[in-house]
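For reference, the structure is listed below as C-alpha coordinates.
Numbering (UniProt numbering), first residue to last: 1 to 259.
So this is what it looks like as C-alpha coordinates:
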(Lines of atoms letter the chains of each structure in order from A and count residues from 1; the text may use other names and numbers.)
(Lines give C-alpha, C1' and ligand atoms only; values in the text may rest on other atoms or scores of the structure.)
Protein backbone atom coordinates (compact mmCIF):
# COMPACT_ATOMS: atom_id res chain seq x y z
CA UNK A 1 0.00 0.00 0.00
CA UNK A 2 1.05 3.53 -0.74
CA UNK A 3 -0.30 5.72 2.09
CA UNK A 4 -0.49 9.48 1.53
CA UNK A 5 -1.43 11.69 4.48
CA UNK A 6 -2.77 15.09 3.48
CA UNK A 7 -3.74 18.33 5.16
CA UNK A 8 -7.31 18.54 3.91
CA UNK A 9 -9.88 17.22 1.45
CA UNK A 10 -8.93 19.72 -1.24
CA UNK A 11 -5.37 18.43 -1.25
CA UNK A 12 -6.65 14.86 -1.40
CA UNK A 13 -8.88 15.73 -4.35
CA UNK A 14 -5.96 17.19 -6.26
CA UNK A 15 -3.77 14.12 -5.74
CA UNK A 16 -6.60 11.70 -6.53
CA UNK A 17 -7.51 13.67 -9.65
CA UNK A 18 -3.87 13.52 -10.79
CA UNK A 19 -4.04 9.74 -10.61
CA UNK A 20 -7.39 9.45 -12.39
CA UNK A 21 -6.36 11.98 -15.04
CA UNK A 22 -3.42 9.81 -16.07
CA UNK A 23 -5.82 6.95 -16.78
CA UNK A 24 -8.39 9.16 -18.48
CA UNK A 25 -5.80 10.53 -20.92
CA UNK A 26 -5.14 6.95 -22.03
CA UNK A 27 -8.83 6.16 -22.43
CA UNK A 28 -8.78 3.60 -19.66
CA UNK A 29 -11.71 2.09 -17.76
CA UNK A 30 -12.69 3.89 -14.55
CA UNK A 31 -14.36 2.36 -11.50
CA UNK A 32 -16.59 4.96 -9.87
CA UNK A 33 -17.93 5.13 -6.32
CA UNK A 34 -20.79 7.28 -5.06
CA UNK A 35 -21.14 8.87 -1.63
CA UNK A 36 -19.64 12.04 -0.20
CA UNK A 37 -16.00 10.85 -0.10
CA UNK A 38 -15.12 11.10 -3.83
CA UNK A 39 -17.18 14.21 -4.59
CA UNK A 40 -14.19 16.56 -4.26
CA UNK A 41 -12.21 14.42 -6.68
CA UNK A 42 -15.07 14.47 -9.18
CA UNK A 43 -15.39 18.24 -8.87
CA UNK A 44 -11.67 18.65 -9.56
CA UNK A 45 -11.89 16.37 -12.61
CA UNK A 46 -14.89 18.35 -13.89
CA UNK A 47 -12.87 21.56 -13.47
CA UNK A 48 -9.98 20.08 -15.44
CA UNK A 49 -12.37 18.99 -18.17
CA UNK A 50 -13.88 22.46 -18.46
CA UNK A 51 -10.76 24.56 -17.98
CA UNK A 52 -7.93 22.37 -19.24
CA UNK A 53 -9.61 20.20 -21.84
CA UNK A 54 -9.27 16.90 -20.01
CA UNK A 55 -11.31 14.44 -22.06
CA UNK A 56 -13.06 11.26 -20.95
CA UNK A 57 -14.51 10.53 -24.39
CA UNK A 58 -12.45 7.36 -24.87
CA UNK A 59 -13.13 6.03 -21.36
CA UNK A 60 -15.85 3.82 -20.02
CA UNK A 61 -16.87 3.47 -16.40
CA UNK A 62 -18.40 0.92 -14.04
CA UNK A 63 -20.20 1.70 -10.77
CA UNK A 64 -19.62 -0.25 -7.59
CA UNK A 65 -23.22 -0.81 -6.59
CA UNK A 66 -26.91 -0.04 -6.93
CA UNK A 67 -30.07 -0.24 -4.86
CA UNK A 68 -32.40 -3.13 -5.67
CA UNK A 69 -35.97 -2.15 -6.50
CA UNK A 70 -35.62 1.57 -7.18
CA UNK A 71 -36.57 2.64 -10.72
CA UNK A 72 -33.62 4.14 -12.59
CA UNK A 73 -35.27 7.54 -12.78
CA UNK A 74 -35.37 7.78 -8.95
CA UNK A 75 -33.02 10.56 -7.88
CA UNK A 76 -31.39 8.43 -5.17
CA UNK A 77 -30.30 5.57 -7.41
CA UNK A 78 -26.56 5.43 -7.87
CA UNK A 79 -27.27 5.42 -11.61
CA UNK A 80 -28.66 8.95 -11.26
CA UNK A 81 -26.28 10.07 -8.52
CA UNK A 82 -23.07 9.47 -10.48
CA UNK A 83 -24.50 11.31 -13.46
CA UNK A 84 -25.64 14.22 -11.33
CA UNK A 85 -22.33 14.50 -9.47
CA UNK A 86 -19.86 13.64 -12.22
CA UNK A 87 -20.48 12.06 -15.59
CA UNK A 88 -23.15 14.48 -16.88
CA UNK A 89 -20.56 17.26 -16.57
CA UNK A 90 -17.81 15.64 -18.67
CA UNK A 91 -17.66 14.28 -22.21
CA UNK A 92 -18.14 10.57 -21.54
CA UNK A 93 -21.09 9.03 -23.36
CA UNK A 94 -23.90 7.98 -21.05
CA UNK A 95 -23.93 4.54 -22.66
CA UNK A 96 -20.35 4.05 -21.51
CA UNK A 97 -21.27 4.55 -17.83
CA UNK A 98 -22.39 1.12 -16.65
CA UNK A 99 -24.25 0.34 -13.45
CA UNK A 100 -25.90 -2.77 -11.98
CA UNK A 101 -29.53 -3.24 -12.95
CA UNK A 102 -31.36 -2.97 -9.67
CA UNK A 103 -34.74 -3.30 -11.39
CA UNK A 104 -34.01 -6.65 -13.08
CA UNK A 105 -36.67 -9.32 -12.75
CA UNK A 106 -33.98 -11.75 -11.59
CA UNK A 107 -31.48 -9.70 -9.56
CA UNK A 108 -29.13 -12.61 -8.93
CA UNK A 109 -28.76 -13.25 -12.63
CA UNK A 110 -28.33 -9.53 -13.26
CA UNK A 111 -25.53 -9.41 -10.69
CA UNK A 112 -23.66 -12.24 -12.40
CA UNK A 113 -24.20 -10.59 -15.77
CA UNK A 114 -22.78 -7.30 -14.47
CA UNK A 115 -19.72 -9.07 -13.12
CA UNK A 116 -19.22 -10.73 -16.51
CA UNK A 117 -19.61 -7.40 -18.32
CA UNK A 118 -16.68 -5.94 -16.39
CA UNK A 119 -14.51 -8.85 -17.52
CA UNK A 120 -15.64 -8.53 -21.13
CA UNK A 121 -14.63 -4.87 -21.06
CA UNK A 122 -11.11 -5.89 -20.04
CA UNK A 123 -11.51 -5.05 -16.39
CA UNK A 124 -11.26 -1.80 -14.44
CA UNK A 125 -7.98 0.10 -14.64
CA UNK A 126 -8.44 2.39 -11.64
CA UNK A 127 -11.13 1.87 -8.99
CA UNK A 128 -12.11 4.72 -6.67
CA UNK A 129 -13.14 3.54 -3.21
CA UNK A 130 -14.28 4.85 0.14
CA UNK A 131 -14.29 2.94 3.41
CA UNK A 132 -17.03 2.60 5.99
CA UNK A 133 -16.43 3.13 9.68
CA UNK A 134 -16.73 -0.66 10.07
CA UNK A 135 -14.18 -1.29 7.31
CA UNK A 136 -16.59 -2.08 4.49
CA UNK A 137 -15.88 -1.34 0.84
CA UNK A 138 -18.73 -1.17 -1.64
CA UNK A 139 -21.52 -2.80 0.33
CA UNK A 140 -19.27 -5.62 1.47
CA UNK A 141 -19.79 -5.35 5.21
CA UNK A 142 -17.90 -7.32 7.90
CA UNK A 143 -17.95 -11.11 7.40
CA UNK A 144 -18.21 -10.72 3.61
CA UNK A 145 -16.16 -13.28 1.72
CA UNK A 146 -12.82 -11.89 0.57
CA UNK A 147 -13.29 -13.64 -2.77
CA UNK A 148 -16.95 -12.67 -3.30
CA UNK A 149 -18.31 -11.62 -6.68
CA UNK A 150 -21.03 -9.14 -7.63
CA UNK A 151 -24.14 -10.22 -5.76
CA UNK A 152 -27.20 -9.16 -3.76
CA UNK A 153 -26.63 -8.04 -0.17
CA UNK A 154 -29.04 -7.13 2.61
CA UNK A 155 -28.26 -3.78 4.16
CA UNK A 156 -27.43 -3.67 7.85
CA UNK A 157 -30.11 -1.81 9.85
CA UNK A 158 -27.51 0.84 10.74
CA UNK A 159 -26.88 1.44 7.03
CA UNK A 160 -30.59 1.74 6.36
CA UNK A 161 -30.85 4.20 9.24
CA UNK A 162 -27.89 6.23 7.95
CA UNK A 163 -29.24 6.33 4.40
CA UNK A 164 -32.67 7.52 5.50
CA UNK A 165 -31.35 11.09 5.34
CA UNK A 166 -31.44 10.77 1.54
CA UNK A 167 -35.08 9.63 1.65
CA UNK A 168 -36.63 12.50 3.62
CA UNK A 169 -35.60 10.83 6.86
CA UNK A 170 -38.04 7.97 6.24
CA UNK A 171 -36.44 4.56 6.78
CA UNK A 172 -39.43 2.85 5.17
CA UNK A 173 -38.44 4.42 1.83
CA UNK A 174 -34.89 3.09 1.94
CA UNK A 175 -34.31 -0.11 -0.07
CA UNK A 176 -33.09 -2.96 2.12
CA UNK A 177 -31.15 -4.72 -0.62
CA UNK A 178 -28.34 -3.68 -2.91
CA UNK A 179 -26.41 -5.17 -5.79
CA UNK A 180 -22.70 -4.70 -5.10
CA UNK A 181 -19.43 -5.67 -6.66
CA UNK A 182 -17.86 -8.31 -4.46
CA UNK A 183 -14.47 -8.03 -2.83
CA UNK A 184 -13.05 -10.48 -5.33
CA UNK A 185 -14.42 -8.35 -8.18
CA UNK A 186 -13.00 -5.14 -6.69
CA UNK A 187 -9.60 -6.76 -6.21
CA UNK A 188 -9.32 -7.42 -9.94
CA UNK A 189 -9.04 -3.70 -10.71
CA UNK A 190 -5.45 -2.88 -11.62
CA UNK A 191 -5.13 0.16 -9.35
CA UNK A 192 -7.21 0.75 -6.22
CA UNK A 193 -7.53 4.37 -5.07
CA UNK A 194 -9.10 4.70 -1.62
CA UNK A 195 -9.91 7.97 0.13
CA UNK A 196 -10.92 8.48 3.75
CA UNK A 197 -11.56 11.59 5.82
CA UNK A 198 -12.46 12.36 9.42
CA UNK A 199 -11.84 10.88 12.84
CA UNK A 200 -14.77 8.48 12.49
CA UNK A 201 -12.75 6.62 9.85
CA UNK A 202 -9.52 6.42 11.89
CA UNK A 203 -10.19 3.02 13.43
CA UNK A 204 -11.17 1.49 10.09
CA UNK A 205 -8.14 2.97 8.31
CA UNK A 206 -5.80 1.60 10.98
CA UNK A 207 -7.40 -1.85 10.72
CA UNK A 208 -7.18 -1.74 6.93
CA UNK A 209 -3.53 -0.70 6.77
CA UNK A 210 -1.91 -2.17 9.89
CA UNK A 211 -4.32 -4.84 11.11
CA UNK A 212 -4.57 -8.47 10.05
CA UNK A 213 -6.26 -9.38 6.78
CA UNK A 214 -9.71 -10.40 7.96
CA UNK A 215 -13.29 -10.60 6.77
CA UNK A 216 -14.16 -8.56 9.87
CA UNK A 217 -12.46 -5.62 8.13
CA UNK A 218 -13.19 -6.23 4.45
CA UNK A 219 -10.94 -3.35 3.33
CA UNK A 220 -7.94 -5.10 4.90
CA UNK A 221 -7.82 -7.31 1.80
CA UNK A 222 -6.30 -4.33 0.01
CA UNK A 223 -3.04 -5.28 1.73
CA UNK A 224 -2.84 -8.17 -0.73
CA UNK A 225 -3.28 -6.05 -3.86
CA UNK A 226 -0.28 -5.14 -5.97
CA UNK A 227 -1.18 -1.46 -6.53
CA UNK A 228 -3.10 0.47 -3.89
CA UNK A 229 -3.02 4.19 -3.13
CA UNK A 230 -4.68 5.29 0.13
CA UNK A 231 -5.18 9.04 0.62
CA UNK A 232 -6.27 10.13 4.10
CA UNK A 233 -6.41 13.35 6.05
CA UNK A 234 -4.72 13.70 9.43
CA UNK A 235 -7.89 12.86 11.34
CA UNK A 236 -8.42 9.62 9.44
CA UNK A 237 -4.72 8.79 9.89
CA UNK A 238 -4.82 9.33 13.65
CA UNK A 239 -4.95 5.60 14.47
CA UNK A 240 -1.91 4.67 12.39
CA UNK A 241 1.16 3.72 14.39
CA UNK A 242 3.87 3.24 11.78
CA UNK A 243 3.71 6.65 10.13
CA UNK A 244 7.44 6.66 9.42
CA UNK A 245 6.68 4.43 6.45
CA UNK A 246 4.04 6.68 4.90
CA UNK A 247 4.17 9.62 2.51
CA UNK A 248 3.02 13.10 3.44
CA UNK A 249 1.60 16.07 1.63
CA UNK A 250 1.92 18.33 4.68
CA UNK A 251 4.03 21.44 5.01
CA UNK A 252 5.81 20.12 8.11
CA UNK A 253 6.27 16.55 6.81
CA UNK A 254 8.54 16.36 3.75
CA UNK A 255 8.77 13.21 1.69
CA UNK A 256 5.78 13.05 -0.63
CA UNK A 257 6.26 13.57 -4.36
CA UNK A 258 3.70 13.96 -7.11
CA UNK A 259 2.90 10.69 -8.85
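In this text, a Cβ means the ideal position worked out from N, Cα and C, and glycines have one as well.
- Inside the stretch 101-129, DSSP marks whole beta strand (DSSP E) runs of 3 or more residues at positions 126-129, from first to last along the chain.
- Note that the stretch 165-181 touches the stretch 63-80; at least 3 beta-carbon pairs, one per stretch, sit closer than 8 Å.
- Taking a 10 Å sphere around the C-beta of residue 42, we find 16 or more other C-beta atoms and assign the residue as buried.
- The DSSP-derived three-state label of residue 246 is coil.
- The criterion of a C-beta distance shorter than 8 Å is satisfied by residue 40 and residue 9.
- Selection 32, 25, 16 and 75 evaluated against residue 166 yields 75 as nearest (Cα-Cα).
- The way I'd put it, the stretch 120-132 does touch the stretch 185-201; three or more beta-carbon pairs between them come closer than 8 Å.
- Contact annotation, residue 81 with residue 97: C-beta distance approximately 11 Å; criterion of less than 8 Å not satisfied.
- In its chain, beyond the 5 residues on either side, 131, 133 and 135 have a beta carbon closer than 6 Å to the beta carbon of residue 204.
- Under the 8 Å Cβ criterion, the stretch 234-248 does not count as touching the stretch 154-164, having fewer than three qualifying pairs.
- Excluding the 5 residues flanking it on each side, residue 207 has same chain C-beta neighbours closer than 7 Å at 135, 217 and 220, in chain order.
- Between residue 195 and residue 14, the CB-CB gap reaches or exceeds 8 Å.
- In its chain, beyond the 5 residues on either side, 110 have a beta carbon closer than 6 Å to the beta carbon of residue 101.
- In the DSSP assignment, residue 208 falls outside any beta strand (DSSP E) and lies within the alpha helix (DSSP H) extending over 202-210.
- Non-local C-beta neighbours of residue 214 in its own chain, meaning closer than 7 Å and more than five positions away in sequence, comprise 220, ordered along the chain.
- Secondary structure note for residue 81: its alpha helix (DSSP H) is the uninterrupted segment 78-85.
- Beyond the five residues adjoining it in sequence on each side, residue 108 comes within less than 8 Å, by CB distance, of 151 and 152 in the same chain, given in chain order.
- Scanning its chain for C-beta atoms nearer than 6 Å, with the 5 sequence neighbours on each side dropped, one finds around residue 197 the residues 9, 233 and 236, in chain order.
- Under the DSSP assignment, residue 31 falls in the beta strand (DSSP E) whose first and last residues are 29-32.
- The straight-line gap separating the alpha-carbon atoms of residue 94 and residue 121 is approximately 16 Å.
- Within the stretch 157-233, the beta strand (DSSP E) runs of at least 3 residues that lie entirely inside it are, in chain order, 177-180, 191-196 and 228-233.
- Pairing residue 46 with residue 90 gives a Cβ-Cβ distance under 8 Å.
- CA-to-CA, the gap between residue 239 and residue 199 works out to about 9 Å.
- Secondary structure of residue 64 (DSSP, three-state): coil.
- By the Cβ-count criterion, residue 144 is buried, with 16 or more other Cβ atoms from all chains shown falling within 10 Å of its own Cβ.
- Between residue 149 and residue 115, the beta carbon gap of about 5 Å places them in contact (Cβ cut-off 8 Å).
- Assignment of beta-bridge partners to residue 151 by DSSP yields 180.
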